[in-house]
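Residue numbers (this note's numbering), protein chains in the order written: chain A, 181 to 343; chain B, 1322 to 1523; chain C, 563 to 1222; chain D, 228 to 521. To keep things clear, I will list the structure first and then write my remarks on it.
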Amino acid sequence: MPAQDVRELRIVGFLCNWCSYGGADTAGVSRFTQPTDLRIIRVPCSGRIDPLFIVRSLMNGADGVLVSGCHPRDCHYAEGNFYARRRLEMLKRFLPITGIDARRFEFTWVSASEGQRWQHVVTEFTRRIHELGPAPTFNPASEADWNTLAVKAGQGQTCPCHG
Amino acid sequence: MSTGRFAVLYRKLGMSMQIFDLATADLEFVAEVEARSHQKIRNCYQCGNCTAGCPYTFAYDYSVSQIMRLIQTGQKEAVLKSRSLWLCGSCQSCTTRCPNMIDVALIMDVCRHMAREAGYATERSVKIFADSFLASVERHGRAYELGLMAAYMTRSGRVFTDVDLAPQALMRGKLPFKPHQIQGREQVARIFERFRKGGDNV
Amino acid sequence: MRIGVFICHCGSNIAGTVDCPSVAATALTYPDVVFSTDTMYACSEPGQDAIIQAIKDKNLDGVVVASCTPRMHEPTFRRTVERAGLNRYMFEMANIREHVSWIGKSKDLNTGKAAELVRMAVEKLRRDKPLIPKRFETVKRVLVIGGGVAGIQAALDCADGGQEVIMVEREQTIGGKMAKLDKTFPTVDCSSCVLGPKMVDIAQHPNITLYACSEIEAVGGYVGNFQITIRKKATYVNWKDCTGCGLCVEKCPSRKLPDAFNEGLCKAPSINIPFPQAIPKKAAITAESCIMLQKGKCGLCAKVCPVKCIDFEQKDELINVDVGAIVVATGYDLFDWHKYPQYGEGRYPDVITSMQYERMLSASGPTGGHVKRPSDGKEPKNVVFIQCVGSRDKSVDRPYCSGFCCMYTAKQTILTKDHIPDSQSYVFYMDIRSPGKLYDEFVRRAMEEYGAQYVRGRVAMIYPKGDKLIVRGADTLAGTQVEVPADLVVLAVGAESAKGAVALGEKLRVCPDQYGFFVESHPKLKPVETNTAGVFLAGACQGPKDIPASVSQGSAAAAKVLGLLSKAMLESDPAVSRVNPARCVGCGKCIQTCPFGAIKEVQDRFGNPKAEVIDTVCQGCGICTVTCPQGAIQLEHFTDNQILAEVNALCPPKMFANYE
Amino acid sequence: MFKIAYYPGCSGQGTSLEYDKSTRAVCKALDVELVDIPDWSCCGSSPAHTVNHVLSAALSARNLAQVEVMGMDKVTTPCPSCLTNLRTAAHKMEDPEFRTKANALLDVPCNGDVDAQSVLQVLAENVDPELIKSKVVRPLTGIKIACYYGCIMNRPPELMRFDHHENPMAMDNLMTALGAEVVPFALKVECCGASYGIPRNDIVMRLSGKLLDAGRDVGADAFVTACPLCQMNLDLRQGQINRALHEKFRIPVFYYTQLLGYALGLDRAVLGFEKLCVDPRLALGKIKQPAQAR
């Protein structure tokens, strides 16, 4: 959706390996064109997605976070996506309290065969994020070169409570 | 496209098949039909279900599925000059049974509109009847059969149309001699005026 | 750490819309990356050798390949790095084809995105640890679900390969759809003559145990060690004693039941043996229509049974078995043509389905192989076949081609001519789909030698006129409408997923597509595998298939099973959860949430409760990791820090910016 | 007492007087109050929508607006052609863009949220069949009837939302309830030739001829129909058809309201059998008198 001239926004995706990641692959194999903003992080199951990951992404300045797993009852691990659903639903209600616009976070279900649906989900979510615009930042300087920052991020220790 | 024009002529004279130059397909025409009908012409895979159901096929020059095909291939002239457009009874058989859920009857309607706008009337009598009908509605606010018949006969020159039925109809009081004038007929007339004044009526 | 990065062009698939060299160049600036290059085909032999060479030359201890989806080639490259002496988990992949080059138009944006995906992979790799798989024993036994031709083939191949086979069939007999067919295309040889012997083999093979009238109740466990519960439904006949003599069938006074095996063309007794060649050849009672079971009187069958094997008290029984692998061969069902009201919705008895016609053609069928109109028993002269009934039709949510209808219709026109020499067949078709050895020749023969009249167009309506049915369709080649006065109309009904497939899929954790057909692991390279290790697919349960294709898949699935069970030990994926005892407070939340019972409570030497993961049982979903309030249990290879590292790679923490 | 706005349609004033009269009489007898739309105008019929959809919608919308002024949200009409136009107008005007265009042609703008239903649907859905049965004084026992619905009363289903699009049953059920024998007439929704009687008479000859033929095949003593145009083509033009196809059809074509009224024992004067061109007496004669019926 965003043409070249439109500046890309930072959208992080957490996808379960079996359904949604496969669905994204199917979309690719079928050449279903999508906006390029999304960066996908692959996890075994939506049940593996700690709300912390989402909050961290948003606090670090992500403009949007998209989570997708297997359709309820289709979970490769039987019930992982039920846990995910409950956790993410809670998170969605909790986000505004932290001063984060809940519209910047969405979760959905896409199966490995639903390439078309994935294209739709990505396009719609990206449109929504572009309508919301870039997430408010505390320090314009942080808009500086992602790369050098990332390197530091790499070297920096991650919070101890997650050994 | 000129091949189109002559071809239609030849065809009328039963002289030849027509050859379509697919390279000169009129894509704007296709786009316009799609825009005005909100239907996707490409969804038609030519199964012929519309033709199979269409009660009017025997009277057509192109069957419904052929019309759909001609639109797909952008043969504007052939479509707009086709007799079939005017003979479609909008009975909805095609629309109801299309496996691709295309509103075929609507597309026929839209093409008929475009044919009118382009000044074609391959089935003159049908056009005249429609015009006469609307004329009487414009004048009286309601359809007035007797007046409409008279108008039709004079315009079409077919003065003996249904004369055999007139007695029975009149005898049974089915053809009132005077029209039902409604108070709001100016309102109705204004509808036609405004319509003729044009503006965006597509 | 010394990381090597390889950016794959995949021919032009990636290089077409991604500037691979510049991505490789950018990658060199990432921490710990000591080597970075782009390569034409990373997965090719030279490609893999180059990786091995680089590992040796640059003594790398971790590798990132940016190419296609890991779901495709992760195993390939893991083997590659292993060949170079690295642990296979010191490898990460960046998916810059399916997720970048194939979906993004702008080369600039794609290149930027690719570089970032590589950076994510690098950051994750920097936190990877070598992992050593555990080894475990497998149960040398196979479960085959479904006794159609695909299941039969799979079962026989597995049994011949020396494996013990459990076959579960929902119906009273195996044989599936094929057993109902009269002849098969393109050879026109007798279906039961081909299938019959194989069915007998199933019954007689020492390695095969058959449970008919049975369904899968529950599935537990994992590859190599599945625990299966089978529900054997009450047949009210003690099969151990039943000889299949059929006396009871003759005597049964209740004959209201539509004969399922004969597609409802005739009525069946309440106690019945579906057909003479049935396997197992045992009688079974249908409770709904049995006078004894409904009204409590009759019991004629019990009286006449020479071996006294009727047992009206019989109940369903549950059977538990452990198996190492599962073959799903649940087949398909036929489309319900009543969704087409223009074909009469059953008001016209002489409109029948292709399968009903097969039964009519079959010598063992209700009409003894004589073609008769259901309405008046007359022999039809004009037979009209309508193809694509429930195929390639969005309006009934069946946009797919069922594949075999064109062929069986051609066969049926040929058989019609054989049965009724002075008959004329008409076939309404949209396109003829006849790829396959001798297939198209077969269709041509139907037209050229047997004079079947093929009409290119759909049929809009069927209505009676006198004792005929007027079939009104289109002949799009002639460009007009056609009408045929038919004596019999045969609808070539398409295939849809078997009833109950979705529910079974949930138990097996095999996901169905939107039409209920099971999804294979990879459309090209893993046609009979599923995403659940140890569960394989055979036949039409994966999508409409004809007999040759189903049989091939049966054998293919069997080959996969034999390959799997030929190993003495299986290696478990070491990417499992691991407990840090120092941090674990023994709250037991993880034990409650684990779907697989893979976590047990142990006591440390001070007697404090601690969680402990059973490696071979853990499936690596990571639900526990998120549940643990202490962060004490971490999913190896997907630890919080590894995932957060990827997050940070994408969204650098603001604090660093603030320190600038 | 069920109350609903009523749109007679032009033909009700002329070619189908008897339909309008019998409809009013029957509804009265069955406690359905029809409130005429004051100063209603022509819906535009098929000529309008073959010229332009906005014009067509506007002509219908003028009447829908009247209904809205009446403070009602439901209107009923006996004529399927009017019904289609009214429904289509209302449906198209759900699209605000289109509504503006249509309203631009009107003096009184129309929101278009009026639901138009056929009288048949109103009777089928709002009158208890048992009530009808109980009110029957002259059961139609003995007469064989082919129910002909016409092509647009139920099609396309997405728009008409009533009964079945291939095999409608509303009239069949009604006639059966009245004691008539309904014959299995297959061409219930096949087109009769519509308004081509005048410009292309040959089309009507052929299509209506086919219907009469099919009716005769299944041994119908009479047709019942719910459409003025169908009735005119089958009845008024039956003579023309006989001449054109060298046939000898003599099948009366009733409006279902006429037979319903007859069964309810309404005054023949309001039923207007005398307006039918094909003499119905022979067919009506087949009906056994109540005495015998019992």
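Here a beta-carbon is modelled for each residue, glycine too, at the ideal position from N, C-alpha and C.
- By the Cβ criterion, the stretch 570 to 579 of chain C is not in contact with the stretch 1492 to 1505 of chain B, since fewer than three pairs of Cβ atoms, one from each stretch, lie closer than 8 Å.
- Taking the Cα positions, D1135/C is about 8 Å away from Q1181/C.
- Residues of chain D whose Cβ lies closer than 7 Å to the Cβ of K901/C do not exist, since the nearest Cβ in that chain is about 11 Å away.
- Taking the Cα of K1172/C as reference, the smallest distance to any Cα among I1153/C, C1146/C, L1127/C and K1151/C is reached at C1146/C.
- Using a CB distance cut-off of 8 Å, H392/D counts as an interface residue toward chain B.
- Against chain B, the CB of K956/C has a partner CB under 8 Å away; the residue lies at that interface.
- In the DSSP assignment, V781/C falls within the beta strand (DSSP E) that extends over S776 to Y784.
- Around the Cβ of K1107/C, a 10 Å sphere holds 16 or more other Cβ atoms; the residue is buried.
- Contact annotation: V662/C and L679/C have beta-carbon atoms nearer than 8 Å.
- Contact annotation: the stretch 420 to 436 of chain D touches the stretch 1374 to 1390 of chain B, with at least three C-beta pairs closer than 8 Å.
- Cβ neighbours of C309/D within its own chain (closer than 7 Å, five residues either side excluded): Y234, G236 and C270.
- R1034, G1035, A1036, T1038, G1041, T1042 and Q1043: these are the residues of the stretch 1030 to 1055 of chain C whose beta carbon lies less than 7 Å from some beta carbon of chain B, given in chain order.
- Just measuring C-alpha positions, the residue of S1453/B, W1407/B and L1406/B sitting nearest Y1473/B is S1453/B.
- Among the CB atoms of chain C, one or more fall inside 8 Å of the CB of S293/A.
- Taking a C-beta cut-off of 9 Å against chain B, the contacting residues of the stretch 433 to 450 of chain D are R433, L434 and K437, listed in chain order.
- Secondary structure note for I948/C: its beta strand (DSSP E) is the uninterrupted segment N944 to V951.
- The CB of M1023/C comes closer than 9 Å to the CB of A1373, G1374, S1414 and R1418 in chain B, given here in chain order.
- Chain order gives the chain B residues near R1020/C as C1368, G1369, N1370, A1373 and P1420, where near means a beta carbon separation below 8 Å.
- The beta carbon of E1133/C sits closer than 6 Å to the beta carbons of P695 and R697 from its chain, once the five residues preceding and following it are set aside; these are given in chain order.
- Using a 10 angstroms sphere on the CB of G647/C, the tally of other CB atoms stays under 16, which defines it as exposed.
- When rounded, the separation of the alpha-carbon atoms in C752/C and R641/C is 49 Å.
- Secondary structure note for K437/D: its alpha helix (DSSP H) is the uninterrupted segment N428 to D444.
- Secondary structure note for P759/C: it is in no beta strand (DSSP E), and the uninterrupted alpha helix (DSSP H) holding it is S753 to Q766.
- Excluding residues up to 5 positions away in sequence, V711, M740 and T746 lie with their Cβ nearer than 7 Å to the Cβ of I1109/C in the same chain.
- Cα atoms of D1342/B and D1029/C: separation of roughly 48 Å, rounded to the nearest angstrom.
- Near chain D, meaning a CB-to-CB distance below 8 Å, the residues of the stretch 1466 to 1493 of chain B are E1466, M1470, Y1473, S1477, T1482, D1483, D1485, L1486, Q1489, A1490 and R1493.
- Interface with chain C (8 Å Cβ-Cβ cutoff): S1358/B is excluded.
- For C810/C against A840/C, the beta-carbon gap comes to about 14 Å, at or over 8 Å, which does not count as contact.
- With a 10 Å radius around the Cβ and a threshold of 16 neighbouring Cβ atoms, N1370/B comes out buried.
- Using a C-beta cut-off of 8 Å, the stretch 1068 to 1078 of chain C makes contact with the stretch 280 to 294 of chain A, since at least three inter-stretch Cβ pairs fall below that distance.
- Residues of the stretch 1383 to 1394 of chain B whose Cβ lies closer than 8 Å to any Cβ of chain C, in chain order: Y1383, S1384, S1386 and Q1387.
- Going by DSSP, R697/C is part of the beta strand (DSSP E) stretching over R697 to E699.
- Counting every other CB atom within 10 Å of its CB across the protein chains shown gives S1128/C a total below 16, marking it as exposed.
- When Cβ pairs closer than 8 Å are counted between the two stretches, the stretch 944 to 957 of chain C is seen not to touch the stretch 845 to 854 of chain C, the count staying below three.
- Looking at the DSSP output, H1084/C sits in a beta bridge with K1088/C.
- Secondary structure note for Q789/C: its beta strand (DSSP E) is the uninterrupted segment N787 to K794.
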